[in-house]
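Single-structure report; data block below.
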Amino acid sequence: MINQESYTEFLRCIQPQTMQPMSLSFNRTGDVPQGENQIQLSWKFLYANDDPLFPQSDLCVFRPKFEFVMLHNGKQIYNQTSIIVTKFTITDRDKFDDFWIIEDVRKFFRDKQIPSLLWPIVRQQVLDGFARLGLPPISLPWMIN
263 MINQESYTEF
273 LRCIQPQTMQ
283 PMSLSFNRTG
293 DVPQGENQIQ
303 LSWKFLYAND
313 DPLFPQSDLC
323 VFRPKFEFVM
333 LHNGKQIYNQ
343 TSIIVTKFTI
353 TDRDKFDDFW
363 IIEDVRKFFR
373 DKQIPSLLWP
383 IVRQQVLDGF
393 ARLGLPPISL
403 PWMIN
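Quick note, our numbering runs 262 ahead of the 1-based positions in the sequence shown.
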C-alpha cells in the first residue's frame, strides 16, 4: 500500500511537460453484426524496456505503448497501438531520487498515474479510429484505474 504523504511529496518534485503521440496504427479486421451489442474490449499498457530515460538531470521520459483490441464472439474486429512519449520536468532531483527508489511510489506512478494521465488521449484516438474505419461508436470509460 502506498504512503499517500510520500506520494504527494514525490508529485511535488515532478511536473508533466509534454505528451507527444509518436506512433499510431489502427486496423479494422472484421465487422460488427447489425444491432449487436455483445462486444468485448481489452487493453494493455506497456513500457519500453529501459523506461524511464533521463536524457538530462531535470528530465524524465517514458515511452508507453497502449494496445487496444475489440472482439465479437472471440473474433478480433479492431486493433490499435499507440505510443505516446511522455516527458516530465524534475523540479528537485535529490528529492526525486529519494522517492524513486521507493518501490511503491515508483510502481504507483508507472501503473496508475501515467495511464490515467494518458487515457483521455488514447480514448479519443480509439474513438477516432472507429469513426475513420466505419465502425459504430461504442462507449468507453471516461477514466481507467
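We put the CB at the ideal spot given by N, CA and C, even for glycine.
Provide the residue(s) that pair with residue i in DSSP beta bridges, ordered along the chain.
| i | result |
| --- | --- |
| Phe350 | Pro278 and Cys322 |
| Leu333 | Gln302 and Gln338 |
| Lys327 | Leu308 and Ile345 |
Given this structure, state the Cα-to-Cα distance separating residue i from residue j, to the nearest angstrom.
| i | j | result |
| --- | --- | --- |
| Asp390 | Thr353 | 35 Å |
| Ile400 | Ser344 | 19 Å |
| Gln300 | Met332 | 11 Å |
| Ser378 | Phe272 | 17 Å |
| Phe361 | Pro278 | 17 Å |
| Ser304 | Gln266 | 30 Å |
| Cys275 | Lys374 | 18 Å |
| Ala393 | Leu286 | 15 Å |
| Val367 | Asp313 | 15 Å |
| Gln413 | Gly336 | One cannot answer for residue 413 here, as it falls past the ends of the chain, which runs 263 to 407. |
Mark residue i as exposed unless 16 or more other C-beta atoms lie within 10 angstroms of its C-beta, in which case mark it buried.
| i | result |
| --- | --- |
| Ile411 | No information on residue 411 is available, as it lies outside the stretch 263 to 407 that the chain covers here. |
| Ile363 | exposed |
| Pro326 | buried |
| Trp404 | exposed |
| Phe316 | exposed |
What is the DSSP secondary structure of residue i, counted as helix, strand or coil?
| i | result |
| --- | --- |
| Gln342 | strand |
| Ser287 | strand |
| Pro317 | strand |
| Leu308 | strand |
| Pro295 | coil |
Leaving aside the five residues before and after residue i along the sequence, list all residues of the same chain whose C-beta is less than 6 Å from its C-beta, in chain order.
| i | result |
| --- | --- |
| Asn289 | Asn341 |
| Leu395 | Arg290 |
| Phe328 | Phe307, Ser344 and Val384 |
| Gln282 | Val347 |
| Leu380 | Ile346 |
| Gln296 | none |
Among residues of its own chain, excluding the 5 on either side of residue i, which ones have a beta-carbon nearer than 7 Å to its beta-carbon?
| i | result |
| --- | --- |
| Arg385 | Leu402 |
| Ser268 | Phe361, Ile364 and Val367 |
Given residue i, which residues of its chain have a CB within under 8 Å of its CB, disregarding the five upstream and five downstream residues?
| i | result |
| --- | --- |
| Gln338 | Thr291, Gly292, Val331 and Met332 |
| Pro398 | Val294 and Phe392 |
For a test of your reading of the model: does the CB of residue i fall under 7 Å from any non-hydrogen atom of the ligand COA? Yes or no.
| i | result |
| --- | --- |
| Asp356 | Of the ligands one can find in the structure shown there are none, so the ligand COA has no counterpart to examine. |
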